[in-house]
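In the numbering used here, the protein residues as written are 592 to 760. Cβ coordinates follow ideal geometry from the N, Cα and C atoms, glycine included. For clarity, every value in this text was computed on a predicted model and none was experimentally measured. I have placed the structure first, in the form of structure tokens, so that the comments after it can refer back to it.
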């Protein structure tokens, strides 16, 4: 069985408002990093174009399904957070993943605009650090019957473990 592909990107709506604006500047973060620049821009451009059209004509979409995958979108101020996966994954799993990621970001960082104002020119680097931490959690967040994430404690931390057990009892 092939491993499921997870795609996550953050799109800045203010950087690409006109047809002549470069979409490359609007893609603030993209995972996985091994995807070529041309494929990234094609995918993001297609998704953001459809999303902008649907938002203008109807209402903002929550999930868009393409031939090869599904993508959940959540606006965060001027940014759009997008989580995508294979087409055979249920919508509920995709919604759970984007909501988990949204809640983590909102709890620890408030929103992307706050991160952007605090980090300045290193905004993309800061997003890399943030998503390196949160993306492994998404693998567990999609399946409520799946494995529970655990922390491996070193043997020297046994006193911390015993203290935690006593507190929980």
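In this structure, DSSP gives residue 660 an extended state, which the three-state scheme calls strand. For the pair of segments examined, the segment 709-724 was found not to touch the segment 675-684: the number of CB pairs separated by less than 8 Å stays below three. Rounded to the nearest whole angstrom, the C-alpha separation of residue 632 and residue 669 is 19 Å. Distance from residue 656 to residue 689 at the Cβ level is roughly 14 Å; contact not present, criterion being Cβ atoms closer than 8 Å. Inside the segment 671-700, DSSP marks whole alpha helix (DSSP H) runs of 4 or more residues at positions 682-700, from first to last along the chain. At a Cβ-Cβ threshold of 9 Å, residue 722 and residue 622 count as neighbours. According to DSSP, residue 665 shares a beta bridge with 672. Contact between the segment 746-755 and the segment 639-651 is not established, with fewer than three Cβ pairs separated by less than 8 Å. Runs of the alpha helix (DSSP H) lying entirely within the segment 602-629 and spanning at least 4 residues, in chain order: 614-617.
With fewer than 16 other Cβ atoms from the protein chains shown falling within 10 Å of its own Cβ, residue 756 counts as exposed. In this structure, 658 is the residue among 693, 658, 665, 758 with its C-alpha nearest to the C-alpha of residue 679. With contacts defined by Cβ atoms closer than 9 Å, residue 660 and residue 598 form a contacting pair.
In the assembly as shown, residue 724 is an exposed residue. Its beta-carbon has fewer than 16 other beta-carbons within 10 Å. Where residue 750 is concerned, the enclosing alpha helix (DSSP H) starts and stops at 749-759.
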